[in-house]
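Engineer: So the protein lines, in turn, are chains F and S.
Reminder that position 378 of the first sequence reads as 471 in my numbering, one-by-one numbering, no gaps.
Reminder that position 58 of the second sequence reads as 332 in my numbering, one-by-one numbering, no gaps.
Please find one structure pasted underneath; my questions will follow.
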Amino acid sequence: MERILFDQLQEELYHEKLPNGLNVYILPKKGFNKTYATFTTKYGSVDNTFVPLGKNEYVKVPDGIAHFLEHKLFEKEDGDVFQQFSRQGASANAFTSFTRTAYLFSSTSDVEKNLETLIDFVQDPYFSEKTVEKEKGIIGQEITMYDDNPDWRLYFGLIQNLYQNHPVKIDIAGTIESISHITKDLLYECYHTFYHPSNMLLFIVGPVDPEKIMSQVKENQAKKDYKDMPEIKRQFADEPSHAAKKKQVLQMNVQTSKCLFGIKALHVDQTGEEMLKNELSMNVLLDLLFGRSSKNYDELYNAGLVDETFSFDYTQEQGFGFAMIGGDTNDPDQLAERLLKMLMVAKNGNVFTEEQLNRAKKKKIGAFLRAINSPEYIANQFTRYAFNEMNLFDVVPMLEKLTLTDVQTLAKEVISEERFSVCQVVPKK
Amino acid sequence: MTAPEEKITQMQGYKLHVVETDKYKTNQIVWRMKAPLTKEDVTKRALLPHVLQASSAAHPTTTALRSYLDDLYGATLYVDLAKKGESHIMSFLLEIANEKFLNDPSPLLKKGFELLAEILTKPNVSKNAFDQETVEKEKRTQKQRIQSIYDDKMRYSNVRLIEEMCKGEPYALQVNGVATEVDQITPQNLYEYYQKAFREDEMDLYVVGDVNEEEVKKLAHDLLHFNARTPKKAETVDVQKRSNVNEVKEEQDIKQGKLNIGYRTNVCYGDADYFTLQVFNGIFGGFSHSKLFINVREKASLAYYAASRLESHKGLMMVMSGIDSKNYDKAVGIIHEQMEAMKKGDFTEQELEQTKAVIQNQILETLDTAKGLIELLYHNVVAHTDVKLETWLTAMQKATKEEIVDVAKKIELDTIYFLTGMEAGK
């Protein structure tokens, strides 16, 4: 077991890669009541075309199947795993993103028992036609709930504007029509392809004894017979670098309009340090441009074009990425126009100062400290970073290294009208 | 079990609550002001914190103030509004990095404290009025904030249930105020209200983190001092008993119907059976092993979510679920059956034990976050009680089946609100 120390943060991390390929990380948190554990597979909604384990040909599976599988894994022949967790005083949950499916629990007692339950239920699927059919009603209601949610529609509308072919444009839960094609056999096919330990990461954070926890996990895994797994073959259609569509307006039953401005990312083939640097530069750039202390934000707020819902965010994963800026507004067209102008000003001149950069870095460093108060943040983000060959604990050192030239170079490169798109939600007439 | 110790000191015009813990990388400072919820004041109270956090005398623009926060290693400052029972609460929250995790030794706690004190006591004011432009901007945002509730159907249906259920009671007022009264606020009358609130409100300061109580006391003593006061208590409201269940249906162009059901529990925080009510709620609808989740979602596949929650100081319980409009009768029927089962004691020893285990876990987890801890401690301020954190952990474990059935029998169905899609009945 490897032990990694972070002096400045006063944290330590334990790691071991098990013979079956599973990566296990443990971060002891003294003083906390709660232990939080995530068991995550590198498999999300975008992985819809792949060569199933033991076969030679690519298949395309129904939209929403990774999320459907996440729901169904909780059901066993003798009942529901939620029940078992709550008998053991734990609260369990799961989520599916574009690139990951995570199963998790938190508990303040019986940690070993709960950890055993977590590992075993994820590694022991039980799907039947009957329970698959029943789940279609529940997920159907989840889909309709999101259909009525204007922020979700806005977010996905913008991704669909930006992406022509890449499966990131498909809603994570799929549609009522697409999930109707899901069968128990398809679920098993996805499960066996993507849930091998070598494609997964287990993270435990809390007031635990790392030695004890590690040997428990090793013992558990040694009992299970996993064959070595060939590399997973995933396929993604070619994606142009420009936005697929410039604009989309959704009419919904709302009183306030919304406008989200998007930039399709560059360099989405990166991993590791390169990716970390690009991602952090982009986050700093957006903060310099649109943060609460920026001139632009002040201007937009004073003009009555934005309110406190205004925000921005950057997402980058292997194969896709986007920046999004916007929120509620009285005048979605005017807001889109102003944002475009502000971005072009940043592209065409060296508008930021050292002082502003240093302030933005300080802000990000403080935000990182705040974030690592949260066991959830540590486990989920560490996993995401690791799947992209980055290390969460490199964030502060990398931030400290960023220069004004890094940020300005990125601004010139990534800000480009052909990669812009706008999505709006307006009240239905 | 680790329930941290809360040290309370009476200061000039407010109480200081300090919790010393080295769990966090940051320190949390929360200032709270509580007054009776009234139609007359609520709109001003909803605006005031936003005006105060927009600027101060020393940082007269939002850009200047926010730049200073960034310089303090991205200290976060935000305001929050809540109603608890018939009280309205304004909160100012400042969270700041602990410098022992930084290369830079500047004393951040002190600077954060000074800034919060400045926001509260040295606002951007001239001639007994707030800055005109700031007030106008924040009024515009306040109107948008009130209006935007309509767009979030889950929140909207919950607000509508409360409006229908508590018609005529202060609790029917929304935390963000009344849209039509925003325009009557001026920089002058808001400043008058600011002075009144700091003169009369019940005020509390919470500091949680790796701090020293004596040092915090000194900072608080030097920076924040007000006149002594006897806070006004919110009057308890007499609720008219309904002879029939109040059923309200509203139609909107939406895909998923929102079903919200309100009950009067007749039990509030501070009552002897309050913790039993918590256990009741856990068996009935609080968790994913609860009756509502199992029967509405897992067995009948009617919904993605079906849950209940308590309003501890008003004595309410709210059930919420998103369903297909055509399934209204079925869903309401199942929910009624679950309530009847509770009243008849039709729940197993396992359901009871499971619920206690999960509640215990939930409370301990809440104590792991500074905000959660403050939220639990503040119940005592609202209810003027002195319930120890340990009591939260022990009292619920003692609840028996008979006690839970007794609590169940006190619970009365009041209002069923349904926000339905246009195609209902087709």
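The beta carbon of each residue, even a glycine, is placed where N, CA and C say it ideally should be.
Quick check on the DSSP output: what are the complete alpha helix (DSSP H) runs of length 4 or more inside the stretch 415-452 of chain S, in order along the chain?
Structural biologist: Secondary structure within the stretch 415-452 of chain S: the alpha helix (DSSP H) runs of 4 or more consecutive residues, fully enclosed, are 427-439 (chain order).
Engineer: Use the C-beta contact count for F/Lys316: other C-beta atoms within 10 angstroms, 16 or more gives buried, fewer gives exposed.
Structural biologist: Residue 316 of chain F sits at position 223 when you count from the first residue of the first sequence. The residue in question, F/Lys316, is exposed, as its Cβ has fewer than 16 Cβ neighbours within 10 Å.
Engineer: Going straight from the alpha carbon of F/Thr224 to that of F/Lys165, what length do you get?
Structural biologist: On the first sequence, position 131 is the one that residue 224 of chain F refers to. On the first sequence, position 72 is the one that residue 165 of chain F refers to. Near 8 Å, if we compare the C-alpha coordinates of F/Lys165 and F/Thr224.
Engineer: Looking at chain S, which residues of the stretch 221-237 of chain F have a Cβ within less than 7 Å of any of its Cβ atoms?
Structural biologist: Answer set for the stretch 221-237 of chain F: Lys227, Gly230, Ile231, Gln234, Glu235 and Thr237.
Engineer: Using only the alpha-carbon positions, how far apart do S/Gly699 and S/Asp603 sit?
Structural biologist: Residue mapping note: residue 699 of chain S aligns to position 425 of the second sequence, counting from 1. Residue mapping note: residue 603 of chain S aligns to position 329 of the second sequence, counting from 1. Model confidence at S/Gly699 stands at a pLDDT of 42, short of 50, so the residue's coordinates are unreliable and nothing is read from them.
Engineer: Do you know how far the Cα of F/Glu282 is from the Cα of F/Phe220?
Structural biologist: What you label residue 220 of chain F is simply residue 127 of the first sequence in a count that begins at 1. What you label residue 282 of chain F is simply residue 189 of the first sequence in a count that begins at 1. The alpha-carbon atoms of F/Phe220 and F/Glu282 are separated by roughly 11 Å.
Engineer: Since F/Phe296 is in the alpha helix (DSSP H), which residue starts that stretch and which ends it?
Structural biologist: For the purposes of this step, residue 296 of chain F is identified with residue 203 of the first sequence, where counting begins at 1. Looking at the DSSP string, F/Phe296 is not in any alpha helix (DSSP H); the run it does join, the beta strand (DSSP E), is Met293 to Gly299.
Engineer: Under three-state DSSP, which class holds F/Glu105?
Structural biologist: On the first sequence, residue 105 of chain F is found 12 positions in, with the first residue counted as 1. Note: F/Glu105 maps to strand in three-state DSSP.
Engineer: If you check the beta carbons only, do F/Lys123 and S/Leu638 fall under 8 Å apart?
Structural biologist: Against the first sequence, residue 123 of chain F aligns to sequence position 30. Against the second sequence, residue 638 of chain S aligns to sequence position 364. It is not a contact, given that the beta carbons lie outside the stated cut-off.
Engineer: In terms of alpha-carbon separation, which member of S/Met477, S/Thr283, S/Ile393 and S/Arg434 lies closest to S/His362?
Structural biologist: In the second sequence, residue 362 of chain S corresponds to position 88, counting from 1. For the residues S/Met477, S/Thr283, S/Ile393 and S/Arg434, the minimum Cα distance to S/His362 belongs to S/Met477.
Engineer: Count the other C-beta atoms from every protein chain shown that fall within 10 angstroms of the C-beta of S/Ser400, then say buried if there are 16 or more, exposed otherwise.
Structural biologist: Here residue 400 of chain S refers to the residue found at position 126 when the second sequence is read from its first residue. Flag for S/Ser400 reads exposed.
Engineer: Counting contacts by CB-CB distance shorter than 8 Å, is F/Tyr288 in contact with chain S?
Structural biologist: Stepping through the first sequence from its first residue, residue 288 of chain F is reached at position 195. It does not; no Cβ of chain S falls within 8 Å.
Engineer: Helix, strand or coil for S/Asp378, going by three-state DSSP, please let me know.
Structural biologist: Locating residue 378 of chain S in the second sequence gives position 104, counting from the first residue. S/Asp378: coil per DSSP, three-state reduction.
Engineer: By DSSP, does S/Met477 sit in helix, in strand, or in coil?
Structural biologist: Here residue 477 of chain S corresponds to residue number 203 of the second sequence, with the count starting at 1. S/Met477: strand per DSSP, three-state reduction.
Engineer: Take the Cβ of S/Tyr548 as the centre, count every other Cβ of all protein chains shown within 10 Å, and call the residue buried at 16 or more, exposed below.
Structural biologist: Sequence index remark: in the second sequence, residue 548 of chain S carries index 274 (1-based). It counts as buried.
Engineer: With burial defined as no fewer than 16 other Cβ atoms inside 10 Å of the residue's Cβ, what is the status of S/Tyr578: buried or exposed?
Structural biologist: By one-based count along the second sequence, residue 578 of chain S stands at place 304. Buried is the call here.
Engineer: For a cutoff of 8 Å on Cβ pairs, would you count F/Ser199 as touching chain S?
Structural biologist: As a position in the first sequence, residue 199 of chain F is number 106, starting the count at 1. Chain S contact via Cβ: present.
Engineer: With DSSP collapsed to three states, give me the class of F/Asp421.
Structural biologist: The sequence position of residue 421 of chain F within the first sequence is 328, counting from 1. DSSP places F/Asp421 within a strand segment (E or B) once states are collapsed to three.
Engineer: With the cut-off set at 8 Å, would you say F/Phe178 and F/Val139 are in Cβ contact?
Structural biologist: Translated into positions along the first sequence, residue 178 of chain F becomes position 85. Translated into positions along the first sequence, residue 139 of chain F becomes position 46. Result no, Cβ atoms of F/Phe178 and F/Val139 do not sit closer than 8 Å.
Engineer: Give the DSSP-derived three-state secondary structure of F/Gln348 in the structure shown.
Structural biologist: Within the first sequence, numbered from 1, the residue matching residue 348 of chain F stands at position 255. The answer is coil: DSSP assigns F/Gln348 none of H, G, I, E or B.
Engineer: Counting only beta-carbon separations shorter than 8 Å, does F/Gly182 have a partner in chain S?
Structural biologist: Within the first sequence, residue 182 of chain F is the residue found at index 89, counting from 1. Taking Cβ atoms only, chain S reaches closer than 8 Å to F/Gly182, which makes this a yes.
Engineer: Grouping DSSP H, G and I as helix and E and B as strand, with all else coil, what is S/Ala371?
Structural biologist: As a first step, residue 371 of chain S must be located in the second sequence, where it is residue number 97. It is a strand residue.
Engineer: Alpha helix (DSSP H) containing S/Lys675: first to last residue?
Structural biologist: Here the question's residue 675 of chain S lines up with position 401 in the second sequence. Here the alpha helix (DSSP H) through S/Lys675 covers Lys675 to Lys684.
Engineer: Quick one: which chain F residues come within Cβ less than 8 Å of S/Lys299?
Structural biologist: Sequence index remark: in the second sequence, residue 299 of chain S carries index 25 (1-based). Leu102, Leu462, Arg463, Ile465 and Asn466, listed in chain order.
Engineer: Give a yes or no on whether 8 Å exceeds the smallest Cβ distance from S/Asn635 to chain F.
Structural biologist: Indexing the second sequence from 1 puts residue 635 of chain S at position 361. At least one beta carbon of chain F lies nearer than 8 Å to the beta carbon of S/Asn635.
Engineer: Are the stretch 471-489 of chain S and the stretch 503-511 of chain S touching, with three or more C-beta to C-beta distances below 8 Å?
Structural biologist: yes
Engineer: Between S/Gly531 and S/Ile597, how many whole angstroms is the CB-CB distance? I'm expecting something under 8 Å.
Structural biologist: Residue mapping note: residue 531 of chain S aligns to position 257 of the second sequence, counting from 1. Residue mapping note: residue 597 of chain S aligns to position 323 of the second sequence, counting from 1. About 5 Å separates the two Cβ atoms, so the contact holds.
Engineer: Check whether the stretch 485-497 of chain S touches the stretch 326-346 of chain S, taking contact to mean three or more Cβ pairs, one atom from each stretch, closer than 8 Å.
Structural biologist: no
Engineer: Mapping the DSSP letters down to three states, classify F/Tyr478 as helix, strand or coil.
Structural biologist: Counting from 1 along the first sequence, the entry for residue 478 of chain F is found at position 385. The answer is helix: DSSP assigns F/Tyr478 an H, G or I state.
Engineer: What first and last residue would you give for the alpha helix (DSSP H) that runs through F/Leu497?
Structural biologist: Residue 497 of chain F sits at position 404 when you count from the first residue of the first sequence. Counting along the chain, F/Leu497 sits inside the alpha helix (DSSP H) bounded by residues Leu497 to Val507.
Engineer: Any idea if F/Trp245 is buried or exposed, counting beta-carbon neighbours within 10 angstroms, 16 or more meaning buried?
Structural biologist: Taking the first residue of the first sequence as 1, we reach residue 245 of chain F at position 152. Taking every protein chain shown into account, the CB of F/Trp245 has fewer than 16 other CB atoms within 10 angstroms, so this residue is exposed.
Engineer: Flag S/Lys700 as yes if its beta-carbon sits less than 8 Å from any beta-carbon of chain F, otherwise no.
Structural biologist: Position 426 of the second sequence holds residue 700 of chain S. Because the pLDDT of S/Lys700 is 38, which lies under 50, any placement of that residue in the model is unreliable, and the number read from its coordinates should be weighed accordingly. Judged by the 8 Å Cβ criterion, S/Lys700 is not in contact with chain F.
Engineer: In chain order, what residues of the same chain have a beta carbon less than 8 Å from the beta carbon of S/Gln462, not counting five sequence neighbours either side?
Structural biologist: Looking up residue 462 of chain S in the second sequence gives position 188. Cβ neighbours of S/Gln462 beyond the five flanking positions: Asn402 and Ala403.
Engineer: Between which two residues does the alpha helix (DSSP H) carrying F/Glu282 extend?
Structural biologist: Residue numbering aside, residue 282 of chain F sits at position 189 when the first sequence is read from its first letter. Element bounds for F/Glu282: Lys277 to Phe287.
Engineer: Can you tell me which of the three DSSP states S/Gly699 falls into?
Structural biologist: As a working note, residue 699 of chain S is residue 425 in the second sequence. Caution is warranted here: a pLDDT of 42 is assigned to S/Gly699, below 50, making its placement in the model unreliable, and the coordinate value is therefore given only provisionally. DSSP places S/Gly699 in coil when its eight states are reduced to three.
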